[in-house]
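Participant: Got a structure here, written out as structure tokens. Questions coming.
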Amino acid sequence: MSSGGTSAYIGRFAPTPSGPLHFGSLVTAVGSYLDARARQGQWLLRIEDVDRPRVVPGAADDILRTLECFGLHWDGPVLFQSQRQEAYEEALHRLREQGRLYACGCSRRQLNALDLRRGPLGLIYPGLCRDRALGFSGHSLRLRIDTPARIRFEDRHCGPRELDLAGEVGDVVLKRVDGIYAYHLAVVVDDAFQGVSDIVRGADLLDVSFLHRHLASLLRLPLPRYLHLPLVYAPGGRKLSKQTGAQPLDRARPAAQLWQALEFLGQQPPGKEGGMAVQELLEWAIDHWQPQRLPAVQLPVSA
Ligand code: GLU
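Numbering (the numbering used here), first residue to last: 2 to 304.
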């Protein structure tokens, strides 16, 4: 565990083990690590393997080895979402008791055929099954989002944000028909369980934060602060990812890529890339972390 300190800052990095880390993931890991360490905070690691079909065997181990190689040492044990099913079920139970959960029999194909409006989180489900009172087993489970209409929060980098959740997002699935819990539910339950005070992650997740805050309020969980980092883009303007051709980080030359990540984050690292050893560079970066130097966020063109 960390040496503690007076601050109650707890940050985290929460990769999905769907492949090796790439430069975009390094930028997120470094940004959240520096924000935590510069505040004498803890930096926790959570492997987001809740969506089992997306998990690539061996990817979680590969991620841990890569983080270590880049000097990004986390505090405490790694939390695996695949071992948190009971906590997610318990949260669903509480939402059900509040009358906010209902079973939905609509298939993706049926919904695609309906020509539904799209919001920032995808198709806006118009609540077709809300009053059908279908049984909970054998169906997906949706959260009824009718009130409150507007969610507001202040992002530490992107400023004030506001969205009409009922109008722009609609009723979201929290458990799929195949039994898999939604990322949105898992992330909210786990951030609270890990005591996370500050979420620092990529700006592709800026808009899902509205839903996360709404879920946390319904579950009476503390609301964390947010800082959404600029995204690394692939040629063509889409977010860098395995699908858009991102290469895995090269564990043979961590110092150069770390330097590039700091440069990308606007931190003006000293010297030239690869000129300083990883540990030295990280120590410099913790001492000089200035979130106000982050470049402005530009949101990706959609896939
Ligand atoms: N697991 C998500 C991802 O790899 C990140 C979730 C989060 O930071 O809230 O994109």
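Ideal Cβ positions, reconstructed from N, Cα and C, are used throughout, including at glycine.
(1) In the DSSP assignment, the alpha helix (DSSP H) including Asp-63 goes from what residue to what residue?
(2) Just the C-alpha distance for Gln-86 and Gln-258, rounded to the nearest angstrom, thanks.
(3) In three-state DSSP terms, what is Leu-300?
(4) May I ask you to verify whether the stretch 47-63 touches the stretch 158-165, counting CB pairs closer than 8 Å and requiring at least 3?
(5) Is Arg-226 near the ligand GLU, judged by its Cβ being under 6 Å from some heavy atom?
(6) Could you check how far apart the C-beta atoms of Val-201 and Leu-230 are, in whole angstroms? I think they sit under 8 Å.
(7) Should Thr-17 be counted as a contact of the ligand GLU given a C-beta to heavy atom distance under 6 Å?
(8) Quick one: what does DSSP say Gly-5 is sitting in, helix, strand or coil?
(9) Is the beta carbon of Val-233 within less than 6 Å of some heavy atom of the ligand GLU?
(10) Rounded to a whole number of angstroms, what is the C-alpha to C-alpha distance between Leu-173 and Leu-142?
(11) Looking at the strands, I want to know which residues DSSP matches up with Trp-1.
(12) Would you decide whether Phe-90 is buried or exposed? Buried here means 16 or more other CB atoms lie within 10 Å of its CB.
Facilitator: Result, derived from the coordinates:
(1) Your numbering for residue 63 matches position 62 in the sequence shown. If you look at Asp-63, you'll find it in the alpha helix (DSSP H) that goes 60-70.
(2) By one-based count along the sequence shown, residue 86 stands at place 85. By one-based count along the sequence shown, residue 258 stands at place 257. Those two C-alpha atoms are separated by around 36 Å.
(3) In the sequence shown, counting from the first residue as 1, residue 300 sits at position 299. DSSP, read as helix, strand or coil, puts Leu-300 in coil.
(4) As far as the Cβ criterion goes, the stretch 47-63 does not touch the stretch 158-165, which means the pair count is below three.
(5) For the purposes of this step, residue 226 is identified with residue 225 of the sequence shown, where counting begins at 1. Look at Arg-226: its beta carbon is at least 6 Å from all of the heavy atoms in the ligand GLU.
(6) Walking along the sequence shown from the start, residue 201 turns up at place 200. Walking along the sequence shown from the start, residue 230 turns up at place 229. The Cβ separation is near 7 Å, so the contact holds.
(7) Indexing the sequence shown from 1 puts residue 17 at position 16. The answer is yes for Thr-17.
(8) Mapped onto the sequence shown, residue 5 falls at position 4. Caution is warranted here: a pLDDT of 43 is assigned to Gly-5, below 50, making its placement in the model unreliable, and no coordinate value can be reported.
(9) Within the sequence shown, residue 233 is the residue found at index 232, counting from 1. Val-233: no, Cβ never under 6 Å from the ligand GLU.
(10) Taking the first residue of the sequence shown as position 1, residue 173 is located at position 172. Taking the first residue of the sequence shown as position 1, residue 142 is located at position 141. One detail in the question is off: residue 173 reads as Val in this sequence, not Leu. Within the model, the alpha-carbon separation for Val-173 versus Leu-142 is close to 8 Å.
(11) The structure shown does not extend to residue 1, since the chain spans only 2 to 304, so no value can be given for it.
(12) Locating residue 90 in the sequence shown gives position 89, counting from the first residue. The sequence given here has Glu at residue 90, not Phe. Looking at its Cβ environment, which holds fewer than 16 other Cβ atoms inside 10 Å, Glu-90 is exposed.
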